[in-house]
Amino acid sequence: MDVQDTDHKRNRRDLLFEEKEQEIVSFLGSTENAIMALATSAADRVLVRMILVTCEGLNIYFFTWGGSRKCEQIRANPRVALCKDRVQIEGTAEILGDLFDPSNAAIRGLFEERFPE
Numbered sequence: 012m013d014v015q016d017t018d019h020k021r022n023r024r025d026l027l028f029e030e031k032e033q034e035i036v037s038f039l040g041s042t043e044n045a046i047m048a049l050a051t052s053a054a055d056r057v058l059v060r061m062i063l064v065t066c067e068g069l070n071i072y073f074f075t076w077g078g079s080r081k082c083e084q085i086r087a088n089p090r091v092a093l094c095k096d097r098v099q100i101e102g103t104a105e106i107l108g109d110l111f112d113p114s115n116a117a118i119r120g121l122f123e124e125r126f127p128e
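All residue numbers for the sequence shown refer to this note's numbering, where the first residue is 12 and numbers rise by one.
See below:
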């Protein structure tokens, strides 16, 4: 195999990733997917609840009260899953602090844009 064949395969793989990434971003950004099920777990207990989500690229954001069971479980185990219809997304959650903190103004703007009411 020569270098050109390797570059072609790499470019094809990158293109497939970009297509799949765009498909995921489109799914996350659609109005009907603004409410998703969030699963968190800690201490051998798994909880699932519906949340409002917004995104920027593949970064998915939701907000909740800092003392909620969601936050308690995320602090103990940041591995989470989101589900909508037949699509499941697994990832690692990070608590970014108060939505109204000036450092989170861009995220707050995403929510205000998606949920103007």
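Beta carbons: idealized from backbone N, C-alpha and C, even for Gly.
With distances taken Cα to Cα, identify the nearest neighbour of Leu5 among Gly102, Gly120, Thr103. Because the chain here runs from 12 to 128, residue 5 falls outside it and cannot be looked at.
Using C-beta distances below 8 Å, list every residue in its chain close to Thr75, excluding the 5 sequence neighbours before and after it, in chain order. Taken in chain order, the residues that qualify are Ile62, Lys81, Cys82.
Tell me whether Leu5 is buried or exposed, calling it buried when 16 or more other Cβ atoms sit within 10 Å of its Cβ. Since the first residue of the chain shown is 12 and the last is 128, residue 5 is not available in this structure.
Count the other C-beta atoms from every protein chain shown that fall within 10 angstroms of the C-beta of Val64, then say buried if there are 16 or more, exposed otherwise. Under a 10 Å Cβ-count criterion, Val64 is classified as buried, with 16 or more other Cβ atoms of the shown protein chains found around its own Cβ.
When DSSP labels each residue in this structure, what does Glu83 get in the three-state scheme? Judged by DSSP in its simplified three-state form, Glu83 adopts helix.
Where Thr65 falls: helix, strand or coil (DSSP): Three-state DSSP puts Thr65 in a strand.
In the DSSP assignment, what are the bridge partners of Arg90? DSSP, once it has assigned bridges, lists Thr103 as partnering Arg90.
Straight-line CA distance for Gly108 to Glu30? Going from the Cα of Gly108 to the Cα of Glu30 covers about 33 Å.
From what residue to what residue does the alpha helix (DSSP H) around Ala117 run? Looking at the DSSP string, the run of the alpha helix (DSSP H) that includes Ala117 is 116-125.
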